[in-house]
Amino acid sequence: MRNLKLDAGSLKSRARSLEDSFFVNKDKKLLENLKKMKEMEETIKSLQEVSGIKNKDFLKKLVKLEIPPHVLASLKVIPLVEVAWADGNVDEKEKKVIMEIIKKEKYLGKIDMELLESWLSMKPERKLLDAWINYIKGLCSQLSKDESNILGEGILGHLKDVAAASGGFLGIGKISVREQKTIEKLESAFC
Numbered sequence: 221m222r223n224l225k226l227d228a229g230s231l232k233s234r235a236r237s238l239e240d241s242f243f244v245n246k247d248k249k250l251l252e253n254l255k256k257m258k259e260m261e262e263t264i265k266s267l268q269e270v271s272g273i274k275n276k277d278f279l280k281k282l283v284k285l286e287i288p289p290h291v292l293a294s295l296k297v298i299p300l301v302e303v304a305w306a307d308g309n310v311d312e313k314e315k316k317v318i319m320e321i322i323k324k325e326k327y328l329g330k331i332d333m334e335l336l337e338s339w340l341s342m343k344p345e346r347k348l349l350d351a352w353i354n355y356i357k358g359l360c361s362q363l364s365k366d367e368s369n370i371l372g373e374g375i376l377g378h379l380k381d382v383a384a385a386s387g388g389f390l391g392i393g394k395i396s397v398r399e400q401k402t403i404e405k406l407e408s409a410f411c
């Protein structure tokens with residue numbers, strides 16, 4: 221009989237240990253989930269600041285696709301640089317408009333400013349634009365048409381401002397044919 225009591229006590233002790241282990245693991249998983257939710261909320265906030273996009277469902281989708289804020293910021297800058305270079309050179313007015321857009325849209329700190337300055341001083345290789353177009357097409361294949369439109373509006377919204385910065389008579393309102401073709405090419409990536 222005594223052995224049964226010891227075995228029952230031992231069994232009770234093991235059951236309690238198993239129960240404690242279960243709740244420790246459950247608490248650990250809950251804490252991990254809370255941490256992931258907090259990280260997601262922070263990433264959504266950063267993506268919202270960088271993009272100006274307010275649609276939370278769309279921002280959550282970007283988080284699920286693992287699009288970090290600095291990548292989204294770069295995605296918004298590459299088309300600006302491409303339009304500025306469309307006519308063969310980037311003048312000070314175009315640089316000024318790009319820098320104003322970057323400050324207004326809170327890109328600062330999210331992109332490498334030295335890299336941007338080098339892109340504005342020397343035309344980036346064609347492969348940068350090709351990589352951007354391929355990336356956007358791949359990203360849009362993961363999004364609905366409405367989500368692609370939201371992304372496109374956020375990225376392409378300032379292109380005409382850059383194109384018009386130094387065009388036309390006395391710098392007023394004219395977008396060159398090359399700049400317009402570049403804008404159309406960039407827009408077509410969102411189809």
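Using our numbering, read the sequence shown as starting at 221 and increasing by one per residue. We put the beta carbon where it would ideally sit given N, CA and C, even for glycine. Fair warning: this is a prediction, and the values are worked out from it, not measured in the lab.
- Runs of the alpha helix (DSSP H) spanning 4 or more residues and lying entirely within the region 253-310 occur at 276-284, 289-305, in chain order.
- Boundaries of the alpha helix (DSSP H) around Glu314: 312-324.
- A residue is called buried when at least 16 other Cβ atoms come within 10 angstroms of its Cβ; Gly358 does not meet this threshold and is exposed.
- Separation of Thr402 and Lys255 (C-alpha to C-alpha, rounded to the nearest whole angstrom) is 43 Å.
- Annotated as proximal: Leu292 and Leu267, with beta-carbon spacing under 8 Å.
- For Ala384, the enclosing alpha helix (DSSP H) stretches over residues 379-384.
- Within its own chain, the residues whose Cβ lies closer than 7 Å to the Cβ of Asn275, once the five positions on either side in sequence are excluded, are Ile370, listed in chain order.
- Measuring C-alpha to C-alpha distances from Glu345 to each of Gly372, Trp305, Lys365 identifies Trp305 as the nearest.
- Rounded to the nearest angstrom, the Cβ distance from Ile298 to Leu348 is 6 Å, consistent with a contact under 8 Å.
- The beta carbon of Glu407 sits closer than 8 Å to those of Gly372, Leu376, all from its chain and outside the five residues before and after it, given in chain order.
- Contact between Val382 and Val283 does not hold, since the beta-carbon distance rounds to 29 Å and is not under 8 Å.
- DSSP, reduced to helix, strand and coil, places Lys394 outside both helices and strands of the structure shown, so it counts as coil.
- In the structure shown, Glu345 adopts coil according to DSSP, grouped into three states.
- Judged by DSSP in its simplified three-state form, Cys360 adopts helix.
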